[in-house]
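First comes the structure, then the notes that go with it.
In my numbering, the protein residues as written are 6 to 60.
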């Protein structure tokens, strides 16, 4: 299984699979996946937006 890290700016929010991150934050797996897309990155600033990074 792939592992990911979710960041908001420089702050680490969660680490784990997409399902684990979703459970930790109380959001859907679909939302977690969306944070890793190019279209989401274009809509948000790097400082305020969340970024999903594959480890």
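Glycine is no exception: its CB is placed at the ideal position from the N, C-alpha and C atoms.
query	result
Leaving out five residues on either side along the sequence, give the residues of the same chain with a beta carbon under 7 Å from the beta carbon of residue 26.	9, 11, 19 and 37
Roughly how far, in whole angstroms, is the beta-carbon of residue 63 from the beta-carbon of residue 23, given that I think they are within contact range, below 8 Å?	Because residue 63 is not part of the residues shown, which for the chain are 6 to 60, the question remains open.
Name the DSSP beta bridge partners of residue 9, please?	21 and 59
Exposed or buried, what is residue 57 when buried is set at 16 or more other beta-carbons lying within 10 Å of its beta-carbon?	buried
How close, in whole Å, do the beta carbons of residue 31 and residue 45 come, if the pair is a contact with beta carbons under 8 Å?	No, residue 31 and residue 45 are not in contact; Cβ-Cβ is about 19 Å, not under 8 Å.
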